[in-house]
Structure formats: C-alpha cells, structure tokens
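Heads up: the sequence shown runs through residues -21 to -1, 1 to 93, numbered per mature numbering (1 follows the signal peptide of the UniProt record, and there is no 0).
First up is the structure itself, then whatever we jot down about it.
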Amino acid sequence: MRRWGLAALPAAALAAAVALAGCGGKQSAEPKLAVTASQEDGALVVRISTENWQPGKDGHVHIYLNDGPEAMIYGYTYRVPGIEPGRYKIHVELANPRHEHIGVSETIYFDVQP
C-alpha cells in the first residue's frame, strides 16, 4: 500500500473546493423590502422590514423624504422629530456597503397630521 503523506493534502483540498463550488450554482433568495410609516409623539416614524437582507450585515438603507437629501441608517427604524404637517413621499432603497443601490426599493406616501 502506497502512502501519500502530506504532499497530497493541497491537491485534495483543491479538488474538494472545486467540487463544492460546482454544487452551488443558485444565488440566495432575492432581498425583499416593506416600508410603513406612522406618526408618534409629533414625529414621523418610518419602519422597514426585509427578507433575505439585513442592514449592517449586507449593507444599509437610504431614505429620502420628498426627494430631498438622503438619510442613511443601519437598522429598521428612522425617526424624524418635530416634522411639519403635510403629505410626505418616503422613498427607501437598500444599498450595499459601497453605497450602490441593489435594485430593491419602495415608495410610500404618508400624511402627517397637525
């Protein structure tokens, strides 16, 4: 019986890696996003929920109010205290760590009451 010893380990590891890489072939499920808004104690509160994507781990969230400057969050809640009454367009996009949008977004409208 022939002994291969340690010299065969790198080749075996490479073969195993190639075999495992060939088995995948399928991307993980696409990220999903849902956005809700509410008015609480004089503040506009935007809440997001995601599937197959996690802020802080997979990237972050860009939030735009009335097409204005973006806010960037690494969580699921964005609070705007002391907001004026009126109708607000809330646009939310998921972004990767390089600030590139990943093609998942949602726009909602919310009326802040006096």
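Virtual Cβ for every residue (Gly too), placed ideally from N, Cα, C.
Model, not experiment: these values are computed from the prediction.
- In the structure shown, the three-state DSSP call for D90 is strand.
- Listed in chain order, the beta strand (DSSP E) runs fully inside the stretch 26 to 58 are 39 to 44, 49 to 52, counting runs of at least 3 residues.
- The three-state secondary structure of P60, taken from DSSP, is strand.
- For the pair N31 and A13, the CB atoms are not nearer than the 7 Å cut-off.
- Assignment of E19 by DSSP, reduced to helix, strand and coil, places it in the strand class.
- When the five nearest sequence neighbours on each side are left out, the beta carbons in the same chain lying within less than 6 Å of the beta carbon of K11 are those of E30, in order along the chain.
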